[in-house]
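Colleague: Pasting in a structure now, in structure tokens, and then I'll have a few things to ask.
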Amino acid sequence: MRRPPGTGAPCRRRAIQGFVALFLVYTLFVLLLESPLVSTSLPGAGASAAASRKLHLDGAWEGGRAAPARPSKHPHRETLSADGGRGRARRSRADEETVDGLVKCEKWIRDDEGRSEESKTSWWLNRLIGRTKTVSIDWPYPFVEDHLFVLTLTAGLEGYHVNVDGRHVTSFPYRTGFVLEDATGLSLNGDLDVQSVFAGTLPTTHPSFSPQKHLEMLPSWQAPPLPDEPVEIFIGILSAGNHFAERMAVRKTWMSAAQKPSNVVARFFVALHGRNEINVELKKEAEFFGDIVIVPFMDSYDLVVLKTIAICEYGVHVVSARYIMKCDDDTFVRLESVMAEVKKIRDGESLYIGNMNYHHKPLRDGKWAVTYEEWPEEDYPVYANGPGYVISSDIADAILSEFLNHKLRLFKMEDVSMGMWVERFNSTGPVKYVHSVKFCQFGCIDDYYTAHYQSPRQMLCLWDKLQAGKAQCCNMR
1 MRRPPGTGAP CRRRAIQGFV ALFLVYTLFV LLLESPLVST SLPGAGASAA
51 ASRKLHLDGA WEGGRAAPAR PSKHPHRETL SADGGRGRAR RSRADEETVD
101 GLVKCEKWIR DDEGRSEESK TSWWLNRLIG RTKTVSIDWP YPFVEDHLFV
151 LTLTAGLEGY HVNVDGRHVT SFPYRTGFVL EDATGLSLNG DLDVQSVFAG
201 TLPTTHPSFS PQKHLEMLPS WQAPPLPDEP VEIFIGILSA GNHFAERMAV
251 RKTWMSAAQK PSNVVARFFV ALHGRNEINV ELKKEAEFFG DIVIVPFMDS
301 YDLVVLKTIA ICEYGVHVVS ARYIMKCDDD TFVRLESVMA EVKKIRDGES
351 LYIGNMNYHH KPLRDGKWAV TYEEWPEEDY PVYANGPGYV ISSDIADAIL
401 SEFLNHKLRL FKMEDVSMGM WVERFNSTGP VKYVHSVKFC QFGCIDDYYT
451 AHYQSPRQML CLWDKLQAGK AQCCNMR
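Numbering-wise, UniProt numbering puts 228 at position 228 of the sequence shown, and it's gapless, one number per residue.
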């Protein structure tokens with residue numbers, strides 16, 4: 001890898017952005033090195049004019065489905081600074097958590113003895129005349145413009161590790177629920193001239209390219225016919241066209257039990273994929289299993305909200321459900337527990353239940369910025385996190401009515417949109433808001449109602465535990 005030469009003007013540029021994409025299509029690693037240039041001269045150009053460089057290696061989890069996920073807090077940040085071509089970084093404290101036995105942040109320059117500038121230039125003389133102390137070695141700083149360096153990402157049991165020119169720099173733990181077999185590829189971009197890339201020991205196939213290996217075309221997994229009578233709850237599951245493995249895992253676990261009683265119906269809602277071969281396989285899957293609603297538009301993050309409206313329409317007009325639940329295809333649902341909460345509500349009372357967010361504000365800058373044109377208010381309404389929430393059918397019916405009359409306000413974040421619609425409904429009739437952290441937004445907690453970010457393997461693990469009477473999480477850190 002080679003950093004291209006800069007223009008010399010003070011600026012902030014991105015040095016590296018590496019993505020290790022996961023087989024869990026909805027999850028990915030993000031490795032980000034940012035390089036604020038605060039001087040016009042290059043390292044080594046002169047003692048007084050030497051450039052100062054700061055690079056940050058951030059490990060963060062984001063959603064990797066067609067719709068990007070919300071920003072999350074970084075577990076930690078490794079900061080490197082260069083002065084005249086030398087590098088420094090703070091080493092993790094001994095009491096801080098390690099990853100596979102490696103510290104999260106290595107010290108880049110070994111100057112534990114606190115040597116002065118004078119000793120740095122004359123250390124060789126002291127060695128010659130019999131200096132007794134061992135002088136530590138300064139590792140050369142690799143992130144210099146127009147110089148090559150080698151960056152290696154290695155997956156361990158507990159997390160992934162970053163080595164530069166053969167030396168460990170930093171490590172980041174996996175997010176709860178990740179399985180190593182889910183890793184599928186690597187891409188690099190940013191202010192970086194990539195000379196060559198080598199990837200080894202990665203899985204050779206992905207469900208997107210080999211759906212026949214993940215779909216089990218067995219009658220036992222087909223959806224039962226729709227009941228003639230109104231149902232108690234309809235579950236709409238947001239999915240992406242190439243999520244064959246995720247849908248199969250849902251069918252084989254909680255969805256199979258959910259649809260055994262005739263008063264529960266569940267369906268996947270999928271938009272069209274950019275690759276025609278995916279749409280061909282999706283159509284075959286929908287025809288065989290009978291549990292997919294294909295909505296007629298190309299999948300896009302900004303249009304996910306239309307899937308939610310389609311869920312409301314199906315729940316109200318097709319199955320006449322009393323309650324409507326929305327979740328994602330990486331959400332594991334303990335339906336009996338969800339229904340137990342719903343049944344606490346009095347008959348005829350409007351309901352909105354989930355993991356509620358209060359007094360949240362839109363981000364106005366950065367990658368996930370929301371403009372004032374998109375959302376002019378300073379705060380979001382109270383809203384339930386998108387991985388799992390329930391509304392009563394009267395709210396869904398009101399949403400559909402406003403949509404058909406072209407009065408429904410749409411916002412790209414579907415869960416915020418639902419909060420906005422419920423708030424409007426609440427202005428004309430009281431709504432019972434029920435908050436519970438057991439509708440998990442990030443991962444899983446014991447005795448969960450819903451668990452999010454669950455891979456197909458984790459779905460099967462959760463199901464096995466639930467069958468044994470244990471509502472316990474899998475792969476907990």
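Note that the Cβ used here is the ideal one computed from N, Cα and C, for glycine as well.
Roughly how many angstroms lie between the CA atoms of Arg322 and Val231, to the nearest whole one?
Modeller: Counted from its first residue, the sequence shown places residue 322 at position 322. Counted from its first residue, the sequence shown places residue 231 at position 231. Answer to the nearest angstrom: the Cα atoms are 6 Å apart.
Colleague: For Met413, count neighbouring Cβ atoms within 10 angstroms of its own Cβ and tell me buried if that reaches 16, exposed if not.
Modeller: Locating residue 413 in the sequence shown gives position 413, counting from the first residue. Around the beta carbon of Met413, 16 or more other beta carbons lie within 10 angstroms, which makes this residue buried.
Colleague: Going by the beta-carbon positions, is the gap between Tyr380 and Lys361 smaller than 8 Å?
Modeller: Here residue 380 refers to the residue found at position 380 of the sequence shown. Here residue 361 refers to the residue found at position 361 of the sequence shown. Yes. Within cutoff.
Colleague: Exposed or buried, Ala258, counting other C-beta atoms within 10 Å across all chains shown (16 or more means buried)?
Modeller: As a first step, residue 258 must be located in the sequence shown, where it is residue number 258. Counting Cβ neighbours within 10 Å, Ala258 comes out buried, since at least 16 surround it.
Colleague: Given a cut-off of 8 Å on the beta-carbon distance, is the pair Leu226 and Glu313 in contact?
Modeller: Residue mapping note: residue 226 aligns to position 226 of the sequence shown, counting from 1. Residue mapping note: residue 313 aligns to position 313 of the sequence shown, counting from 1. No.
Colleague: Going by other Cβ atoms of all chains shown within 10 Å of its Cβ, with 16 needed for buried, is Thr428 buried or exposed?
Modeller: The residue you call residue 428 lines up with position 428 of the sequence shown. The residue in question, Thr428, is exposed, as its Cβ has fewer than 16 Cβ neighbours within 10 Å.
Colleague: Quick one: give me the first and last residue of the beta strand (DSSP E) that Gly354 is part of.
Modeller: Counting from one through the sequence shown, the residue named residue 354 turns up at place 354. From DSSP, the beta strand (DSSP E) with Gly354 extends over 350-357.
Colleague: Please state whether the Cβ-Cβ distance between Phe244 and Ala271 is less than 8 Å.
Modeller: Along the sequence shown, read from residue 1 onward, the residue named residue 244 stands at position 244. Along the sequence shown, read from residue 1 onward, the residue named residue 271 stands at position 271. Contact flag unset, no.
Colleague: May I have the straight-line CA-CA distance separating Gly46 from Glu145, to the nearest angstrom?
Modeller: Here residue 46 is taken as the residue at index 46 of the sequence shown, counted from 1. Here residue 145 is taken as the residue at index 145 of the sequence shown, counted from 1. Annotation note: pLDDT 36 at Gly46 (below 50); position unreliable, no value reported.
Colleague: Would you please state the rounded distance, in angstroms, between the beta carbons of Val305 and Leu410? I believe it to be under 8 Å.
Modeller: Here residue 305 is taken as the residue at index 305 of the sequence shown, counted from 1. Here residue 410 is taken as the residue at index 410 of the sequence shown, counted from 1. Confirmed, Cβ separation roughly 6 Å.
Colleague: Rounded to whole angstroms, what is the Cα-Cα separation between Leu157 and Trp421?
Modeller: Your numbering for residue 157 matches position 157 in the sequence shown. Your numbering for residue 421 matches position 421 in the sequence shown. Near 44 Å, if we compare the C-alpha coordinates of Trp421 and Leu157.
Colleague: Out of Asn242, Glu229, His359, Ser256, which one is the CA nearest neighbour of Pro219?
Modeller: For this step, residue 219 is matched to residue 219 along the sequence shown. Of the listed residues, the one whose Cα sits closest to Pro219 is Ser256.
Colleague: How many angstroms separate the CA atom of Lys252 from the CA atom of Leu351?
Modeller: Your numbering for residue 252 matches position 252 in the sequence shown. Your numbering for residue 351 matches position 351 in the sequence shown. The straight-line gap from Cα to Cα measures roughly 29 Å.
Colleague: List the endpoints of the continuous beta strand (DSSP E) containing Cys105.
Modeller: Numbered from its first residue, the sequence shown carries residue 105 at position 105. Note, Cys105: premise wrong, no beta strand (DSSP E); not H, not E.
Colleague: Is the Cβ-Cβ distance between Phe234 and Val319 less than 8 Å?
Modeller: Within the sequence shown, numbered from 1, the residue matching residue 234 stands at position 234. Within the sequence shown, numbered from 1, the residue matching residue 319 stands at position 319. Going by C-beta atoms, Phe234 is nearer than 8 Å to Val319.
Colleague: Give a yes or no on whether the C-beta atoms belonging to Tyr449 and Val342 are separated by under 8 Å.
Modeller: Translated into positions along the sequence shown, residue 449 becomes position 449. Translated into positions along the sequence shown, residue 342 becomes position 342. Contact: no.
Colleague: Go ahead and label Gln454 buried or exposed: buried means 16 or more other beta carbons lie within 10 angstroms of its beta carbon, across all protein chains shown.
Modeller: Locating residue 454 in the sequence shown gives position 454, where the first residue counts as 1. Buried: at least 16 other Cβ atoms inside 10 Å.
Colleague: Quick one: what does DSSP say Phe198 is sitting in, helix, strand or coil?
Modeller: In the sequence shown, counting from the first residue as 1, residue 198 sits at position 198. Note: Phe198 maps to coil in three-state DSSP.
Colleague: Cβ of Val164 within 8 Å of Cβ of Leu153?
Modeller: Indexing the sequence shown from 1 puts residue 164 at position 164. Indexing the sequence shown from 1 puts residue 153 at position 153. Going by C-beta atoms, Val164 is not nearer than 8 Å to Leu153.
Colleague: Taking the CB atoms as reference points, tell me whether Lys104 and Ser196 lie closer together than 8 Å.
Modeller: If you number the sequence shown from 1, residue 104 lands on position 104. If you number the sequence shown from 1, residue 196 lands on position 196. Contact: no.
Colleague: Suppose the cutoff is 6 Å on Cβ atoms and the five residues either side in sequence are ignored; what does the same chain contact list for Leu460 look like?
Modeller: For the purposes of this step, residue 460 is identified with residue 460 of the sequence shown, where counting begins at 1. For Leu460, where only same-chain residues beyond five positions count, there are no Cβ hits under 6 Å.
Colleague: Work out the CA separation of Gly101 and Asp397 for me, nearest whole Å.
Modeller: Working through the sequence shown from its first residue, we reach residue 397 at position 397. Working through the sequence shown from its first residue, we reach residue 101 at position 101. When rounded, the distance between both Cα atoms is 55 Å.
Colleague: So, helix, strand or coil for His161, using DSSP?
Modeller: In the sequence shown, counting from the first residue as 1, residue 161 sits at position 161. His161 falls in the strand class under three-state DSSP.
Colleague: Using beta-carbon positions only, say whether Phe269 and Gly236 come within less than 8 Å of one another.
Modeller: As a first step, residue 269 is located in the sequence shown; it is residue number 269 there, counting from the start. As a first step, residue 236 is located in the sequence shown; it is residue number 236 there, counting from the start. Between Phe269 and Gly236, the CB-CB gap stays under 8 Å.
Colleague: If you compare alpha carbons, which of Asp446, Leu151, Ala310 is closest to Phe198?
Modeller: Position 198 of the sequence shown, counted from the start, is the residue given in the question as residue 198. Minimum Cα distance to Phe198 is reached at Leu151.
Colleague: When you compare each of Arg457, Gly469, Ala471 to Ala249 by their alpha carbons, which one comes out closest?
Modeller: Looking up residue 249 in the sequence shown gives position 249. The shortest Cα separation from Ala249 among Arg457, Gly469, Ala471 belongs to Arg457.
Colleague: Can you tell me the Cα-Cα spacing of Met325 and Asp394, whole angstroms?
Modeller: Taking the first residue of the sequence shown as position 1, residue 325 is located at position 325. Taking the first residue of the sequence shown as position 1, residue 394 is located at position 394. In a straight line, the C-alpha of Met325 is about 13 Å away from that of Asp394.
Colleague: If you reduce the DSSP assignment to three classes, tell me which class His406 lands in.
Modeller: Residue 406 sits at position 406 when you count from the first residue of the sequence shown. Reduced to three states, the DSSP call for His406 is coil.
Colleague: Are Gly315 and Asn279 touching if we call contact CB-CB under 8 Å?
Modeller: The count along the sequence shown starts at 1 and reaches residue 315 at position 315. The count along the sequence shown starts at 1 and reaches residue 279 at position 279. Contact flag unset, no.
Colleague: Name the residue from Glu287, Asp347, Asp329, Glu229 whose alpha carbon lies nearest to the alpha carbon of His317.
Modeller: Start at 1 with the first residue of the sequence shown, and residue 317 comes out as number 317. Here the closest residue by C-alpha is Glu229.
Colleague: Can you tell me the Cβ-Cβ gap for Met356 and Ala384, rounded? I've got them flagged as a contact below 8 Å.
Modeller: As a first step, residue 356 must be located in the sequence shown, where it is residue number 356. As a first step, residue 384 must be located in the sequence shown, where it is residue number 384. Confirmed, about 5 Å.
Colleague: From the DSSP output, in three-state form, read off Met418 for me.
Modeller: Numbered from 1 along the sequence shown, position 418 holds the residue referred to as residue 418. Helix, per DSSP.
Colleague: Kindly indicate the opening and closing residues of the beta strand (DSSP E) around Ile391.
Modeller: Taking the first residue of the sequence shown as 1, we reach residue 391 at position 391. Unbroken beta strand (DSSP E) run through Ile391: 383-392.
Colleague: In chain order, what residues of the same chain have a beta carbon less than 6 Å from the beta carbon of Ser472, not counting five sequence neighbours either side?
Modeller: Sequence index remark: in the sequence shown, residue 472 carries index 472 (1-based). What sits at residue 472 in the sequence shown is Gln, not Ser. Within the same chain, Gln472 has close Cβ partners Asp446, Lys465.
Colleague: Does the distance from the CB of Phe332 to the CB of Leu238 come in under 8 Å?
Modeller: For the purposes of this step, residue 332 is taken as the residue at position 332 of the sequence shown. For the purposes of this step, residue 238 is taken as the residue at position 238 of the sequence shown. Between Phe332 and Leu238, the C-beta gap is not smaller than 8 Å, which leaves the two residues out of contact.
Colleague: Based on Cα-Cα distance, which residue from Lys284, Asp329, Gln222 lies nearest to Glu246?
Modeller: Counting from 1 along the sequence shown, the entry for residue 246 is found at position 246. Nearest of Lys284, Asp329, Gln222 to Glu246, Cα basis: Asp329.
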